[in-house]
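Mapped onto full-length UniProt numbering, the consecutive letters of the sequence shown carry residue numbers 1 to 299.
C-beta: ideal position from N, C-alpha, C; glycine also.
None of the values given here were measured: they were computed from a predicted structure.
Everything below concerns the one structure shown next.
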Amino acid sequence: MKFSRQHLLGLGTALLLLALLGALRTTKEPEPQKATKAAGAGLPRDARAQRDKPRERGGPVSRYTARCVQGLSEEEVRKIIAEFQDKVLVGDGHPGSMEEGAEQRRRFHDWYLRTLVEGLDLSPDQEAAAKARLDALFQEALAKQNELLKAKEEGAGGLLGVERRFYAAQSWLKDDAYAPWELCELTKDQLGITWHDWLQVERKSNEETGDDPSPWFNLWIRSGKAPGSGGTTAFPKEAAPVRFGDAGVIFPLHPRQSFVHEGYSQIGELGSLHPAQLRTLLMLFPETLEKVDYELKHR
1 MKFSRQHLLG LGTALLLLAL LGALRTTKEP EPQKATKAAG AGLPRDARAQ RDKPRERGGP
61 VSRYTARCVQ GLSEEEVRKI IAEFQDKVLV GDGHPGSMEE GAEQRRRFHD WYLRTLVEGL
121 DLSPDQEAAA KARLDALFQE ALAKQNELLK AKEEGAGGLL GVERRFYAAQ SWLKDDAYAP
181 WELCELTKDQ LGITWHDWLQ VERKSNEETG DDPSPWFNLW IRSGKAPGSG GTTAFPKEAA
241 PVRFGDAGVI FPLHPRQSFV HEGYSQIGEL GSLHPAQLRT LLMLFPETLE KVDYELKHR
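Here is the structure:
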């Protein structure tokens, strides 16, 4: 059978179309790419935010350092002192009744929380956790003090008054339960601001020597400590604190803080502190007010 040229061209075109159609049917479709899980995606939102916080530029360490170096203006010093006198101290700071003692301690708890927020740059969640824990500790201490006073009243035949160690921050704050890292979960950077790492070394040494564990803050510390460092740095004699070195017992004095001696004044030395350090000083040593009273009135 003979085919014309036109028939042959039509047949060839048809065969080509069939071949192309077959190729399209047998071509394997690309598999969809599997979604990769972002690092930390399984963590709750708050946990992820807290985990990432130390890597944020301008985090708690840099802000703490900058504030230590900046210090306080005389106006800021006066404002913090006035706040302590007017809103924290009950009467002359020496409560005589159980009611006054309880109110004094409650106010100290609130002041301590404010100090932690300012020194560690606590997040709202951290602040809420610390407040809840401090409130619980207050209720526990209040119940114990009431039991003690009741026992004294029954045994001695009369109420002997509230004990100083119940309301004085220098006494009750030594309990490990009040350490910043026990009140809420802190980031690595926040822990580095405190004496936490230094304390771990001290307590390990205590175990080896059989000594009692060092308290989480030590009233004799006068050295500086840079955030993140487990060791201390001695201040040069010409730049060391004169009267208020114990301001750093909770929030360490930074090695870059300078306590200028020329033209010395107590208000001036207080101006070399971080706000949280001044708050600490007033809470632990209310008698500081008596030391600076003359300058406050005549400067």
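| message | Could you give the first and the last residue of the continuous alpha helix (DSSP H) run that contains residue 181? | response | For the purposes of this step, residue 181 is taken as residue 181 along the sequence shown, with counting starting at 1. It spans 180-183 - the alpha helix (DSSP H) in which residue 181 sits, taken as one unbroken run.
message: Taking 8 angstroms as the cut-off, does the region 237-244 touch the region 67-85 (at least 3 CB pairs, one atom from each stretch)?
response: no
CB contact flag (residue 251, residue 276, <8 angstroms): Against the sequence shown, residue 251 aligns to sequence position 251. Against the sequence shown, residue 276 aligns to sequence position 276. Cβ distance < 8 angstroms, so residue 251 and residue 276 count as in contact.
Residue 106 to residue 135 span [Cα, whole Å]: Sequence index remark: in the sequence shown, residue 106 carries index 106 (1-based). Sequence index remark: in the sequence shown, residue 135 carries index 135 (1-based). Cα-Cα distance, rounded: 8 angstroms.
Name the one or two DSSP bridge partners that residue 253 has. To locate residue 253, count along the sequence shown from 1; it is residue 253. Answer is 224, bridged to residue 253.
Report task. Measure how close the beta-carbons of residue 179 and residue 283 come, nearest whole angstrom, since I'm counting them as under 8 angstroms. Result -> For this step, residue 179 is matched to residue 179 along the sequence shown. For this step, residue 283 is matched to residue 283 along the sequence shown. That belief does not hold up - the Cβ atoms of residue 179 and residue 283 are roughly 15 angstroms apart, past 8 angstroms.
(request) Please go through the region 187-224 and give each complete alpha helix (DSSP H) segment of 4 or more residues, from N-terminal end onward. (result) 188-193, 196-209
Notebook entry, point to check: Any idea what DSSP makes of residue 157, helix, strand or coil?
Noted result: For the purposes of this step, residue 157 is taken as residue 157 along the sequence shown, with counting starting at 1. Low per-residue confidence applies at residue 157: pLDDT is 48, beneath 50, and the placement is therefore not dependable, though the value from the model is reported in the following sentence. It is coil, neither helix nor strand.
query = Terminal residues of the continuous alpha helix (DSSP H) containing residue 245?
reply = Translated into the one-based positions of the sequence shown, residue 245 becomes position 245. Element bounds for residue 245: n/a, residue is neither H nor E.
Kindly indicate which residue of 108, 125, 199, 236 has the alpha-carbon position closest to the one of residue 249.
Position 249 of the sequence shown, counted from the start, is the residue given in the question as residue 249. Selected option, being the one with the closest Cα: 199.
query: Residues bridged to residue 233 by DSSP?
result: The residue given as residue 233 occupies position 233 in the sequence shown. 224.
### Message
Relative to the C-alpha of residue 68, which candidate in 224, 216, 163, 187 has its C-alpha closest?
### Response
Locating residue 68 in the sequence shown gives position 68, counting from the first residue. Closest option to residue 68, Cα to Cα, is 224.
- prompt: Which word fits residue 299, buried or exposed, when buried means at least 16 other C-beta atoms lie within 10 angstroms of its C-beta?
  reply: The residue you call residue 299 lines up with position 299 of the sequence shown. Exposed, because fewer than 16 other Cβ atoms sit within 10 Å of the Cβ of residue 299.
Counting Cβ pairs closer than 8 angstroms, one from the region 211-221 and one from the region 172-192, do we hit at least three?
-> yes
_Please report the distance separating the alpha-carbon of residue 99 from that of residue 113._
Along the sequence shown, read from residue 1 onward, the residue named residue 99 stands at position 99. Along the sequence shown, read from residue 1 onward, the residue named residue 113 stands at position 113. Each residue's alpha carbon lies about 21 angstroms from the other.
Pick from 270, 274, 119: whose alpha carbon is nearest that of residue 291? Within the sequence shown, residue 291 is the residue found at index 291, counting from 1. The shortest Cα separation from residue 291 among 270, 274, 119 belongs to 270.
Three-state secondary structure (DSSP) of residue 268: As a working note, residue 268 is residue 268 in the sequence shown. Helix at residue 268.
Residue interval of the alpha helix (DSSP H) (run including residue 66): In the sequence shown, residue 66 corresponds to position 66, counting from 1. Here the alpha helix (DSSP H) through residue 66 covers 60-70.
Residue 299 lies in the alpha helix (DSSP H); which residues open and close that run?
Residue numbering aside, residue 299 sits at position 299 when the sequence shown is read from its first letter. That residue, residue 299, is in no alpha helix (DSSP H); it is neither H nor E in DSSP.
Nearest to residue 257 (by Cα), restricted to the options 162, 274, 124, 62: Here residue 257 is taken as the residue at index 257 of the sequence shown, counted from 1. Closest by alpha carbon: 274.
Open item on the list: Distance check for residue 289 and residue 91, CA to CA, integer angstroms please.
Closed with: Position 91 of the sequence shown, counted from the first residue, corresponds to residue 91. Position 289 of the sequence shown, counted from the first residue, corresponds to residue 289. Near 14 angstroms, if we compare the C-alpha coordinates of residue 289 and residue 91.
Residue 65: which of 192, 286, 128, 184 sits nearest, CA to CA? As a first step, residue 65 must be located in the sequence shown, where it is residue number 65. The candidate whose alpha carbon is nearest that of residue 65 is 192.
Practice item. Examine the Cβ distances between the region 144-154 and the region 123-132 and report whether three or more of them are shorter than 8 angstroms. Key: no
For a test of the three-state rule: what should DSSP assign to residue 166, helix, strand or coil?
As a working mapping, residue 166 is identified with position 166 in the sequence shown. If DSSP states are grouped into helix, strand and coil, residue 166 belongs with the helices.
- Compare the Cα-Cα distances from residue 89 to each of 185, 109, 75 and report the closest residue. Counted from its first residue, the sequence shown places residue 89 at position 89. Selected option, being the one with the closest Cα: 109.
Would you identify the three-state DSSP class for residue 88, choosing helix, strand or coil? Numbered from its first residue, the sequence shown carries residue 88 at position 88. If DSSP states are grouped into helix, strand and coil, residue 88 belongs with coil.
Original post:
Should residue 201 be labelled buried (16 or more other beta-carbon atoms within 10 Å of its own) or exposed?
Top reply: Along the sequence shown, read from residue 1 onward, the residue named residue 201 stands at position 201. Burial call: exposed.
**Asked** Going along the chain, which residues of its own chain have a beta-carbon closer than 6 angstroms to the beta-carbon of residue 279, five neighbours each way excluded?
**Response** Reading the sequence shown from its first residue, position 279 is the one you call residue 279. Once the five neighbours on either side are set aside, the close Cβ partners of residue 279 are 115.
Nearest to residue 87 by alpha carbon, out of 103, 76, 96, 97?
As a position in the sequence shown, residue 87 is number 87, starting the count at 1. Measuring from the Cα of residue 87, the nearest candidate turns out to be 103.
Query raised in the report: What's the gap between the Cα of residue 227 and the Cα of residue 196?
Result: Along the sequence shown, read from residue 1 onward, the residue named residue 227 stands at position 227. Along the sequence shown, read from residue 1 onward, the residue named residue 196 stands at position 196. Roughly 10 angstroms separates the two Cα atoms.
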